[in-house]
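Protein chains in written order, with our numbering: chain Y, 928 to 1220; chain H, 33 to 268.
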């Protein structure tokens, strides 16, 4: 029983890292209608920015806040200077551009900070507390709580605020949004900026566990995309739930299903996606798009 | 001084000249039709006014030159555009579509009142207020597009082919509601319409376009009586 609970909490903790990245992807998709494959790389860059701010003597919390703010502007600038050129064209072109961006940012990180692993301190103490006979790390709990709070804020942003409504309107139909007086260009920048800031949170949460490397988020991105597909592109709560399910299943399968083990556990989320997409193509929580003419 | 005044407006897509001297004016609280065959430049005229296409000549709104402004800046001046194709925000509910229309509004109580008014004007929308825009029928989407434009409390409404693709009885309903909207709100209107009978039921005067040029302007009764207009645009 103890092992089970420990696996469960650890799974939820890794799941919440995927969730943070997945939320950023959903945010960009909600705001611009596009999937950003560079979201993970941008989160790594944010991690390095926080690392450098630590290096110049800022306290940890200051460095994190600084990195989140800087990341907002980096995201907004990337939209304005790069993505804007491809928004009007074929969506597939834009997707390929974000893949290029992934490679570019990874290269930039390696150039400035090298491929060596850099240690990054955690916001939470490295202690464990007993929960139902299992020892659970405070880091895992802290990570889970931070992500749940962010998920709540995002849901509130989209359904409860005028900015959220405007971001969604712009992603659905830019012309209608503009005809209603919405400054489309500025809203697109805000959408990318918010996603980038959210990615920064994911970056600083995962860096203490994995140590900072340019490719730190590569695997997490794959899982985050799995969560996005599973949870539905339109639902913050859905992707967080899906990310949690993926994290837990992956951990449980590795331990309890002998032929999977730690080598094959990466296949678990994909098996899950496969089954879900056959049964519910819109994702577990996504809305079905109905087009009537 | 007219509310909207176009003089010698030109516009082109790539290198094809679509507008080649469009002149018309809409008085405060007035309603003016734009008639013409397919490809005469009716839709492009509206798109030039709201800054969707780059235009030459002079476009003045309330005495101010608005040429070169972005669509959202034009909207902020008080011009609402109901585009051809309706521009429905499919993933948003009917109510959220209306809230999008009210983006520039600041007064919450006023917005709630306006939503109520729209739902009274178009009772079909009241039944679907929680449905996604994409689940509505064509007629309902057209009503939603007009309602969304009204939510911005504009001084001038640009209406592009509101009858396109609708059953004749539905089109008539839509125009009836727009006529009521005009009477009760006093919003000035510039109406592009392929179906001249529907247009004449709403407007006081009209301009006829031929290959991107204004060729004739007059009050509704005069145009209705003219043989050539009838032959060309009224199908008789």
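Where is the CB? At the ideal position from N, CA and C, for every residue including glycine.
Owing to the predicted nature of the structure, the values given are computational and were not obtained by experimental measurement.
Contacting residues, own chain, Cβ-Cβ under 8 Å from residue i (five flanking each side not counted)
i, result
"residue 214 of chain H", "63, 221, 234"
"residue 236 of chain H", "62, 63, 64, 251, 252"
"residue 1077 of chain Y", "947, 950, 1125, 1128"
"residue 1188 of chain Y", "1181"
"residue 1104 of chain Y", "1093, 1096, 1097, 1111, 1114"
"residue 1053 of chain Y", "1064, 1065, 1066"
"residue 1099 of chain Y", "960"
Cβ neighbour criterion (16 or more within 10 Å) applied to residue i
i, result
"residue 253 of chain H", "exposed"
"residue 1177 of chain Y", "buried"
"residue 984 of chain Y", "exposed"
"residue 1086 of chain Y", "exposed"
"residue 216 of chain H", "exposed"
"residue 257 of chain H", "exposed"
"residue 957 of chain Y", "buried"
"residue 1120 of chain Y", "buried"
"residue 941 of chain Y", "buried"
"residue 1019 of chain Y", "exposed"
"residue 1040 of chain Y", "buried"
"residue 33 of chain H", "exposed"
"residue 164 of chain H", "buried"
"residue 180 of chain H", "buried"
"residue 159 of chain H", "exposed"
"residue 292 of chain H", "The shown model of chain H, from 33 to 268, leaves out residue 292 of chain H, and the question about it has no answer."
Residue from the options whose Cα sits closest to the Cα of residue i
i, options, result
"residue 1024 of chain Y", "Y:1005, Y:1038, Y:995", "Y:1005"
"residue 1075 of chain Y", "Y:1175, Y:986, Y:1171", "Y:1171"
"residue 188 of chain H", "H:198, H:126, H:218, H:165", "H:218"
"residue 197 of chain H", "H:178, H:171, H:175", "H:171"
"residue 73 of chain H", "H:50, H:45, H:168", "H:50"
"residue 115 of chain H", "H:33, H:134, H:194, H:202", "H:194"
"residue 86 of chain H", "H:40, H:99, H:165", "H:99"
"residue 48 of chain H", "H:255, H:244, H:202, H:129", "H:244"
"residue 191 of chain H", "H:202, H:201, H:175", "H:175"
"residue 107 of chain H", "H:135, H:124, H:131", "H:135"
"residue 965 of chain Y", "Y:1190, Y:952, Y:992", "Y:952"
"residue 166 of chain H", "H:224, H:239, H:125", "H:125"
"residue 955 of chain Y", "Y:1201, Y:1081, Y:1131", "Y:1081"
"residue 1007 of chain Y", "Y:1165, Y:967, Y:1109, Y:1117", "Y:1117"
"residue 42 of chain H", "H:150, H:122, H:255, H:83", "H:83"
"residue 1073 of chain Y", "Y:1147, Y:944, Y:1186, Y:1198", "Y:944"
Cβ neighbours of residue i in the same chain (closer than 6 Å, five flanking residues each side left out)
i, result
"residue 156 of chain H", "172"
"residue 997 of chain Y", "976"
"residue 1217 of chain Y", "For residue 1217 of chain Y, the predicted structure reports a pLDDT of 48, less than 50, and the residue's modelled location is therefore unreliable. The matter cannot be settled from this model."
"residue 146 of chain H", "183"
Nonlocal neighbours in the same chain, by C-beta distance under 7 Å from residue i, ignoring five residues either side
i, result
"residue 1219 of chain Y", "Low local confidence applies: a pLDDT of 45 at residue 1219 of chain Y is under 50, so the model's placement there is unreliable, with the coordinate-based value given in what follows. Counting only Cβ-Cβ distances below 7 Å, and skipping sequence neighbours, we find nothing."
"residue 119 of chain H", "177"
"residue 94 of chain H", "35"
"residue 130 of chain H", "147, 150, 179, 180, 183"
Query raised in the report: Listed from N- to C-terminal order along the chain, which residues in the stretch 1100–1115 of chain Y have their beta-carbon within a distance smaller than 8 Å of any beta-carbon of chain H?
Result: 1100, 1102, 1103, 1104, 1105, 1106, 1107, 1108, 1109, 1110, 1111
Report task. Residues of the stretch 119–133 of chain H with a CB closer than 9 Å to any CB of chain Y: list them in chain order, please. Result -> 119, 120, 121, 122, 123, 124, 128, 129, 131, 132, 133
**Report entry** Interfacial residues, the stretch 54–87 of chain H to chain Y, with Cβ spacing under 8 Å
**Finding:** 82, 84
**Report entry** Near-chain H residues of the stretch 958–969 of chain Y - C-beta to any C-beta below 9 Å
**Finding:** none
**Report entry** Positions along the stretch 1088–1100 of chain Y whose CB lies within less than 9 Å of some CB in chain H
**Finding:** 1089, 1092, 1093, 1095, 1096, 1098, 1099, 1100
Requested in this report: Counting only runs of 3+ residues fully inside the stretch 163–250 of chain H, write out the beta strand (DSSP E) ranges in chain order.
Outcome: 188–192, 220–224, 237–242
Query raised in the report: Which runs of the alpha helix (DSSP H), 4 residues or longer, sit entirely within the stretch 1142–1208 of chain Y?
Result: 1145–1158, 1163–1183, 1188–1191, 1194–1206
Query raised in the report: Looking at chain Y, which residues of the stretch 88–104 of chain H have a Cβ within less than 9 Å of any of its Cβ atoms?
Result: 102, 103, 104
Requested in this report: Please list the segments of the alpha helix (DSSP H) lying wholly inside the stretch 1091–1129 of chain Y, counting only runs of 4 or more residues, in order along the chain.
Outcome: 1101–1106
Query raised in the report: What residues in the stretch 207–232 of chain H have a beta carbon less than 7 Å from any beta carbon of chain Y?
Result: none
Query raised in the report: For the stretch 131–150 of chain H, which residues have a beta carbon sitting closer than 9 Å to at least one beta carbon of chain Y?
Result: 131, 132, 133, 134, 135, 136
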